[in-house]
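Residue numbers (our numbering), protein chains in the order written: chain A, 53 to 278; chain B, 53 to 278.
For reference, the structure is listed below as structure tokens.
Number of protein chains: 2
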Amino acid sequence: MTTKSFDMASQTEENYLKSLFNLANEAGEVNISELAQQMQVSMPTVNSMVKNLQKSGWLIYEKYKPVTLTPEGQKEAALIIRKHRLTEMFLVNKMGFGWEEVHEIAEQIEHIHAPKFFDRMDEMMGHPLLDPHGSPIPDKFGRIQEVNYTTLSKCKTGQIVNLAALTNSSTEFLEFLNSRELSLGKELKIISKESYDQSMVVNYEGHPSETLSEKVSDRLLVRVIG
Amino acid sequence: MTTKSFDMASQTEENYLKSLFNLANEAGEVNISELAQQMQVSMPTVNSMVKNLQKSGWLIYEKYKPVTLTPEGQKEAALIIRKHRLTEMFLVNKMGFGWEEVHEIAEQIEHIHAPKFFDRMDEMMGHPLLDPHGSPIPDKFGRIQEVNYTTLSKCKTGQIVNLAALTNSSTEFLEFLNSRELSLGKELKIISKESYDQSMVVNYEGHPSETLSEKVSDRLLVRVIG
DNA sequence: GTAATTTGTTAGATTATTCTAACAAAATTG
DNA sequence: CAATTTTGTTAGAATAATCTAACAAATTAC
């Protein structure tokens with residue numbers, strides 16, 4: 053007798069679902085150790101929480117196997133991510149925050165249970181498709197439209213690209229980008245690439261010659277335009 | 053050796069502080085049973101939580117005596133109420149919600165730890181002094197400026213009053229007021245008062261003769277203007 | 001293909017918040 | 001003021017989320 057309830061997830065459970073969603077690879081599988089690292093808790097903690105989440109129907113788990121979100125788990129996770137990204141966009145567009153300030157606040161507001169509140173944000177912003185860091189905002193049904201960009205690090209000398217999104221949105225990285233006046237939509241021309249450390253010299257408005265380390269260029273998602 | 057830490061209060065503890073603040077009478081004392089009723093938990097639960105809150109320095113407690121918030125407890129509570137009321141005002145003024153929709157949402161957002169977020173709301177609204185139900189918004193230091201109004205129920209026939217605030221902001225009551233087009237700032241003239249059930253007949257713009265029960269007139273806070 | 005390493009599990013304990021049952025102190029009431 | 005009622009306390013248990021210690025399974029590495 054399987055116990056599938058689909059009750060409201062607790063704040064903690066919501067965080068596990070979100071991490072599971074973000075860690076799920078092509079096969080949709082996530083290891084206990086990965087999840088433990090992501091959640092910053094011990095493996096036994098994850099082990100018991102995973103049993104919990106399975107009992108509630110959010111995921112599939114078998115001893116010694118990686119876990120997989122059920123369709124319901126995926127939807128639930130996507131809807132939490134939707135609240136997070138809508139909030140980030142609202143904070144930037146309607147409240148004047150910088151893109152480096154919004155993650156921590158959204159991390160808390162994503163757990164608010166008030167559909168009207170998020171619907172109103174969405175409406176006030178005209179149903180945005182992307183958050184301030186270029187990540188797609190899942191729709192009301194938890195559907196997420198995948199876009200695939202390349203990282204700047206994979207581009208070749210001479211190419212012209214448009215900065216579209218980031219693979220990492222830590223405050224420190226965003227502050228680094230601010231210091232170089234690098235924001236989404238900027239057109240970058242790749243001047244050269246150092247084969248020793250993979251650092252790149254790029255050119256963009258107001259910055260004729262800016263050097264970016266591989267660590268940075270790996271985190272910049274771009275659309276090649278020439 | 054007294055253990056006074058003043059750590060961050062948990063969400064549950066914040067709710068106890070808020071209730072304590074709201075229940076505190078002139079003497080500032082609150083009984084365990086009152087608090088249990090307000091918080092909708094059993095007395096033993098309150099008993100143990102009160103010991104907790106004392107250990108953290110938020111209140112003074114002695115066996116079989118009513119509890120009293122310390123100055124720190126009062127400030128903490130007032131700051132939570134500040135977040136609640138700022139949020140309600142923001143939802144009404146900046147997001148277009150009705151005054152009857154905002155309590156439940158603010159009840160959740162009040163627990164967000166993000167000073168910048170509330171400061172920005174405050175700034176965007178030009179530092180409002182009252183929330184949408186006429187209750188004062190405590191300042192950043194947790195100071196609350198008391199205003200004292202009379203209830204409509206205490207007014208006499210012939211008086212003209214201005215509707216300034218409410219003693220109760222339940223959705224049902226607010227929806228009742230909406231149905232009679234009664235909103236803050238409305239000027240009411242007391243036409244008559246029924247001595248049998250204390251119901252009152254009042255007159256205001258668009259409503260030449262509206263009857264209000266004692267239950268209603270007791271919940272309307274007014275400023276007598278004539 | 002054993003041995004070593006990594007990954008995952010169980011067992012048992014801890015903290016926060018809650019409960020019910022039983023009892024004790026305080027307040028109320030004739 | 002003694003009896004009753006109300007209010008408050010203790011004891012003991014439950015649930016959620018976490019931990020460490022010990023062990024077991026799976027994987028990786030010679």
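Using N, Cα and C, we set each Cβ at its ideal position, and we do this for glycine too.
### Proximal chain A residues relative to residue 165 of chain B, where beta-carbon distance stays under 8 Å
Locating residue 165 of chain B in the second sequence gives position 113, where the first residue counts as 1. Per Cβ cutoff of 8 Å: 160.
### Query
What three-state label does DSSP hand residue 185 of chain B in the structure shown?
Taking the second sequence and counting its residues from 1, one reaches residue 185 of chain B at position 133. Reduced to three states, the DSSP call for residue 185 of chain B is coil.
### Task
Could you spell out where the alpha helix (DSSP H) holding residue 328 of chain A opens and where it closes?
Not covered by the structure: residue 328 of chain A. The range shown for chain A is 53 to 278.
### Message
Counting only Cβ pairs nearer than 7 Å, list the residues of chain A close to residue 262 of chain B.
### Response
Residue numbering aside, residue 262 of chain B sits at position 210 when the second sequence is read from its first letter. In chain order: nothing, as chain A lies at least about 30 Å away.
### Query
Based on Cα-Cα distance, which residue from B:87, B:58, B:60, B:62 lies nearest to residue 72 of chain B?
Taking the first residue of the second sequence as position 1, residue 72 of chain B is located at position 20. Ranking B:87, B:58, B:60, B:62 by Cα distance to residue 72 of chain B puts B:87 first.
### Query
For residue 259 of chain B, does the three-state DSSP call read helix, strand or coil?
In the second sequence, residue 259 of chain B corresponds to position 207, counting from 1. Here residue 259 of chain B sits in strand by DSSP.
### Task
Just the C-alpha distance for residue 104 of chain B and residue 169 of chain B, rounded to the nearest angstrom, thanks.
As a working mapping, residue 104 of chain B is identified with position 52 in the second sequence. As a working mapping, residue 169 of chain B is identified with position 117 in the second sequence. Each residue's alpha carbon lies about 29 Å from the other.
### Message
According to DSSP, simplified to helix, strand and coil, what is residue 144 of chain A?
### Response
The residue you call residue 144 of chain A lines up with position 92 of the first sequence. Looking at residue 144 of chain A - three-state DSSP - the assignment turns out to be helix.
### Limits of the beta strand (DSSP E) - the one that residue 198 of chain B falls within
Position 146 of the second sequence, counted from the first residue, corresponds to residue 198 of chain B. Neither: residue 198 of chain B is in no beta strand (DSSP E) and is coded neither H nor E.
### First and last residue of the uninterrupted beta strand (DSSP E) at residue 243 of chain A
Mapped onto the first sequence, residue 243 of chain A falls at position 191. Residues 239-245.
### Query
Where do the N-terminal and C-terminal ends of the beta strand (DSSP E) with residue 88 of chain B fall, by residue?
Position 36 of the second sequence, counted from the start, is the residue given in the question as residue 88 of chain B. Careful: residue 88 of chain B lies outside any beta strand (DSSP E), inside the alpha helix (DSSP H) at 84-91.
### Message
Is there a Cβ of chain A sitting closer than 8 Å to that of residue 172 of chain B, yes or no?
### Response
Along the second sequence, read from residue 1 onward, the residue named residue 172 of chain B stands at position 120. Output row for residue 172 of chain B: interface = yes.
### Message
For residue 254 of chain B and residue 266 of chain B, which I take to be in contact (beta-carbon distance under 8 Å), what is that distance rounded to the nearest angstrom?
### Response
To locate residue 254 of chain B, count along the second sequence from 1; it is residue 202. To locate residue 266 of chain B, count along the second sequence from 1; it is residue 214. Between residue 266 of chain B and residue 254 of chain B the Cβ distance is about 13 Å, and since that is not below 8 Å, they are no contact.
### Task
Show which residues of chain A have a CB atom less than 8 Å away from the CB atom of residue 224 of chain B.
Taking the first residue of the second sequence as 1, we reach residue 224 of chain B at position 172. Per Cβ cutoff of 8 Å: no residues; residue 224 of chain B is ~18 Å from chain A at best.
### Message
To test your reading of the DSSP string, which unbroken alpha helix (DSSP H) runs of 4 or more residues are found completely within the stretch 146-172 of chain A?
### Response
154-161
### Query
Based on Cα-Cα distance, which residue from A:273, A:210, A:197 lies nearest to residue 234 of chain A?
One-based indexing of the first sequence puts residue 234 of chain A at position 182. Residue A:273 is the option with its Cα nearest to residue 234 of chain A.
### Task
Report the neighbours of residue 168 of chain B on chain A: residues whose CB is nearer than 9 Å to its CB, in chain order.
What you label residue 168 of chain B is simply residue 116 of the second sequence in a count that begins at 1. Simply 149, 153, 157.
### Message
On a Cα-Cα basis, can you pick out the residue from B:209, B:143, B:102 that is closest to residue 246 of chain B?
### Response
Stepping through the second sequence from its first residue, residue 246 of chain B is reached at position 194. Nearest C-alpha to residue 246 of chain B: B:209.
### Task
Assuming residue 166 of chain B contacts residue 156 of chain A (C-beta within less than 8 Å), just tell me the rounded distance between them.
Position 114 of the second sequence, counting from 1, holds the residue named residue 166 of chain B. Position 104 of the first sequence, counting from 1, holds the residue named residue 156 of chain A. That pair is a contact at about 7 Å.
### Message
The alpha helix (DSSP H) that contains residue 67 of chain A, what's its start and end?
### Response
Counted from its first residue, the first sequence places residue 67 of chain A at position 15. That run of the alpha helix (DSSP H) goes 63-75.
### Message
8 Å is my cut-off, CB to CB: does residue 64 of chain B come that close to chain A?
### Response
Within the second sequence, numbered from 1, the residue matching residue 64 of chain B stands at position 12. By this cut-off, residue 64 of chain B is not an interface position.
### Task
Inspect the beta-carbon positions of residue 153 of chain A and residue 136 of chain A and report whether they are closer than 8 Å.
Here residue 153 of chain A corresponds to residue number 101 of the first sequence, with the count starting at 1. Here residue 136 of chain A corresponds to residue number 84 of the first sequence, with the count starting at 1. Contact flag unset, no.
### Message
Cutting at 8 Å between CB atoms, please list the residues of its own chain near residue 277 of chain B, excluding the five before and the five after it.
### Response
The residue labelled residue 277 of chain B in the question sits at position 225 within the second sequence. Closer than 8 Å at the Cβ level, and outside the excluded window around residue 277 of chain B, lie 212, 213, 214, 239.
### Query
For residue 141 of chain A and chain B, any beta-carbon pair shorter than 8 Å?
In the first sequence, the residue the question calls residue 141 of chain A occupies position 89. Residue 141 of chain A does not count as touching chain B.
### For residue 81 of chain A: DSSP bridge partner residues
The residue you call residue 81 of chain A lines up with position 29 of the first sequence. Answer by DSSP bridge pairing, in chain order: A:120.
### Query
Does the count of Cβ pairs from the stretch 128-146 of chain B and the stretch 181-199 of chain B closer than 8 Å reach three?
yes
### Task
Can you grab the Cα-Cα spacing for the pair residue 236 of chain B / residue 82 of chain A, in whole Å?
Within the second sequence, the letter at position 184 stands for residue 236 of chain B. Within the first sequence, the letter at position 30 stands for residue 82 of chain A. Distance between the alpha carbons of residue 236 of chain B and residue 82 of chain A: 55 Å.
#### Entry: Euclidean distance between Cα positions of residue 201 of chain B and residue 269 of chain B
For the purposes of this step, residue 201 of chain B is identified with residue 149 of the second sequence, where counting begins at 1. For the purposes of this step, residue 269 of chain B is identified with residue 217 of the second sequence, where counting begins at 1. Distance between the alpha carbons of residue 201 of chain B and residue 269 of chain B is about 13 Å.
### Message
Give me the chain B residues within the contact set of residue 177 of chain A, using Cβ-Cβ distance strictly less than 9 Å, ordered along the chain.
### Response
Start at 1 with the first residue of the first sequence, and residue 177 of chain A comes out as number 125. Under the 9 Å cutoff, chain B gives no residues; its nearest Cβ is about 11 Å from residue 177 of chain A.
### Query
What are the residues that DSSP puts in a beta bridge with residue 214 of chain B?
As a working mapping, residue 214 of chain B is identified with position 162 in the second sequence. Residue 214 of chain B pairs with B:239, B:275.
#### Entry: Nearest residue (CA-CA) to residue 196 of chain A, options A:180, A:98, A:204
Working through the first sequence from its first residue, we reach residue 196 of chain A at position 144. If we check each option's Cα against that of residue 196 of chain A, A:180 comes out closest.
### Query
Taking C-alpha atoms, which residue in A:172, A:250, A:256, A:251 lies nearest to residue 232 of chain A?
In the first sequence, the residue the question calls residue 232 of chain A occupies position 180. Nearest option by C-alpha distance: A:256.
### Task
Determine the extent of the alpha helix (DSSP H) in which residue 223 of chain B is found, giving its start and end residues.
Locating residue 223 of chain B in the second sequence gives position 171, where the first residue counts as 1. First-last of the alpha helix (DSSP H) with residue 223 of chain B: 223-231.
### Task
Quickly, what does DSSP pair residue 252 of chain B with across the bridge? List them, please.
Position 200 of the second sequence holds residue 252 of chain B. For residue 252 of chain B, which the question treats as bridged, DSSP gives the partners B:245, B:264.
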